[in-house]
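J.: For the sequence shown, the working numbering gives the first residue as 181, with consecutive numbering after it.
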Amino acid sequence: MCHDPTSRSSTREMIYKPTFAGFVDVDIEKTKKISLRSLIDHSVVESFGAGGKTCITSRVYPSVAIGRKAHMFVFNNGAEDVKVSELNAWEMKAPEMNDDIIF
Numbered sequence: 181m182c183h184d185p186t187s188r189s190s191t192r193e194m195i196y197k198p199t200f201a202g203f204v205d206v207d208i209e210k211t212k213k214i215s216l217r218s219l220i221d222h223s224v225v226e227s228f229g230a231g232g233k234t235c236i237t238s239r240v241y242p243s244v245a246i247g248r249k250a251h252m253f254v255f256n257n258g259a260e261d262v263k264v265s266e267l268n269a270w271e272m273k274a275p276e277m278n279d280d281i282i283f
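1) Does the Cβ of G258 have 16 or more other Cβ atoms within 10 Å, making it buried, or fewer, making it exposed?
2) Who are the Cβ neighbours of A201 in its own chain at under 8 Å, not counting the five residues just before and after it?
3) Could you tell me which residues DSSP puts in a beta bridge with I236?
4) Closest to L162 by C-alpha separation, out of V204, E209, A269 and I208, would be which residue?
5) Would you identify the three-state DSSP class for I220, choosing helix, strand or coil?
6) Among K249, L216, R248 and V225, which one has its Cα closest to the Cα of K233?
7) Hey, V204 and G229 are a contact pair by Cβ (cut 8 Å); roughly how many whole angstroms apart?
8) What residues in its chain sit with their C-beta under 8 Å from that of V264, if we drop five residues either side in the sequence?
9) For the alpha helix (DSSP H) containing T211, name the first residue and the last one.
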């Protein structure tokens with residue numbers, strides 16, 4: 181499982197864009213399935229593999245994929261075919277801010 185901000189997540193130049201990866205310790209021959217949940221906001225992507233056994237968090241700097249222009253891509257760079265049985269996306273609501281708080 182990995183985040184690859186260099187190819188699609190961030191098109192801006194001169195920013196630090198490392199690739200993050202994590203090994204998901206699951207016997208895929210036995211389970212035949214693996215879950216992946218990704219939470220994406222304006223500048224952070226968090227992905228949880230195999231019910232949270234592996235977690236990756238990374239920063240992204242979108243300049244084009246904002247609002248209705250945002251898209252999610254699932255890809256497989258492995259040697260075997262993978263079937264995506266379900267893919268859902270929801271738009272997050274804007275936060276409610278309390279301007280009365282004094283620090």
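Positions of the beta carbon are idealized from the N, C-alpha and C atoms, including for glycine. On a predicted model such as this, the values are computed, not experimentally measured, just so you know.
T.: So, from the listed chains and residues:
1) Position 78 of the sequence shown, counted from the start, is the residue given in the question as residue 258. That one is exposed.
2) Reading the sequence shown from its first residue, position 21 is the one you call residue 201. Excluding sequence neighbours, A201 sits near M181, C182, H183 and I236.
3) Start at 1 with the first residue of the sequence shown, and residue 236 comes out as number 56. Answer is S227.
4) In this structure the chain extends from 181 to 283, so residue 162 is not present and cannot be described.
5) Numbered from its first residue, the sequence shown carries residue 220 at position 40. Strand, per DSSP.
6) Here residue 233 is taken as the residue at index 53 of the sequence shown, counted from 1. Closest by alpha carbon: L216.
7) Position 24 of the sequence shown, counted from the first residue, corresponds to residue 204. Position 49 of the sequence shown, counted from the first residue, corresponds to residue 229. Yes, V204 and G229 are in contact; Cβ-Cβ is about 4 Å, under 8 Å.
8) In the sequence shown, counting from the first residue as 1, residue 264 sits at position 84. Cβ neighbours of V264 beyond the five flanking positions: V254.
9) The residue labelled residue 211 in the question sits at position 31 within the sequence shown. Counting along the chain, the alpha helix (DSSP H) containing T211 begins and ends at I208 to T211.
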